[in-house]
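Numbering (my numbering), first residue to last: 4 to 209. Read through the structure below, which is laid out as structure tokens, and then see the notes.
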């Protein structure tokens, strides 16, 4: 029976292979003909005065980084008294674990830029609301934004409930866990592991 299955599988592959080869040639032809970044080149060929009047169809990394550097925002003003832990960058965060995350990100500042509690507009039940991800990270090589939420009080039921709601909120706004949003957790019995953080930050750089 195993030999029969192998022969049947071989026959299937023989019929599928020419189809795949044809599709591959079409994709290669498309790749050669496709005009990458042509829209952005039109925008970049304009003067700065004209650029200021236009919203380009697609941002490139340079413009996204420039906007990031010029951006000002009001951080979360809830419980300001808890902002008492200083990072290597001289800012204040709410927990020692967030200090560790911030310092590890700061070490990769040549590629990963971050802002703490930067406001993010999302939709909830048909209306816009503002949430404050712990970290908003910009990859300067890809232009990709990633949001990082650290749940440091998972031993408290009310905190867990709020965090589950936030997780669902991101998902409903098409921000997917592990891709667009990173989550880290800890309890009194299971503290944050630096090794795990380093792996996560390494993945952010790819």
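Note that beta-carbon positions come from the ideal geometry of N, C-alpha and C, so glycine has one too. Predicted model, so just to flag it, every value in this text is computed and none were measured.
N- and C-terminal bounds of the beta strand (DSSP E) containing residue i
{"i": "residue 154", "result": "148-154"}
{"i": "residue 185", "result": "184-188"}
Sub-9 Å separation of residue i and residue j beta-carbons
{"i": "residue 178", "j": "residue 140", "result": "no"}
{"i": "residue 121", "j": "residue 78", "result": "yes"}
{"i": "residue 197", "j": "residue 111", "result": "no"}
{"i": "residue 143", "j": "residue 185", "result": "no"}
{"i": "residue 115", "j": "residue 207", "result": "yes"}
{"i": "residue 195", "j": "residue 182", "result": "no"}
{"i": "residue 42", "j": "residue 59", "result": "yes"}
Proximity winner among the options, relative to residue i (alpha-carbon distances)
{"i": "residue 168", "options": "128, 57, 181", "result": "128"}
{"i": "residue 101", "options": "73, 153, 16, 133", "result": "153"}
{"i": "residue 85", "options": "114, 184, 98", "result": "98"}
{"i": "residue 136", "options": "166, 51, 103, 34", "result": "166"}
{"i": "residue 173", "options": "104, 194, 132, 189", "result": "132"}
{"i": "residue 176", "options": "5, 124, 17, 22", "result": "124"}
{"i": "residue 68", "options": "209, 146, 182, 171", "result": "146"}
{"i": "residue 76", "options": "190, 95, 104, 119", "result": "119"}
{"i": "residue 91", "options": "104, 64, 11", "result": "104"}
{"i": "residue 138", "options": "13, 96, 164, 38", "result": "96"}
Enclosing alpha helix (DSSP H) for residue i [first to last residue]
{"i": "residue 143", "result": "No alpha helix (DSSP H) holds residue 143; DSSP gives it neither H nor E."}
{"i": "residue 65", "result": "64-73"}
{"i": "residue 205", "result": "197-207"}
Helix, strand or coil at residue i according to DSSP, with G and I counted as helix
{"i": "residue 159", "result": "coil"}
{"i": "residue 131", "result": "strand"}
{"i": "residue 111", "result": "coil"}
{"i": "residue 50", "result": "coil"}
{"i": "residue 9", "result": "helix"}
{"i": "residue 90", "result": "coil"}
{"i": "residue 56", "result": "coil"}
{"i": "residue 121", "result": "coil"}
{"i": "residue 35", "result": "helix"}
{"i": "residue 83", "result": "helix"}
{"i": "residue 78", "result": "coil"}
{"i": "residue 136", "result": "coil"}
{"i": "residue 21", "result": "helix"}
Cutoff 9 Å: residue i Cβ touching any chain C Cβ
{"i": "residue 188", "result": "Here chain C cannot be found, since the structure has a single protein chain."}
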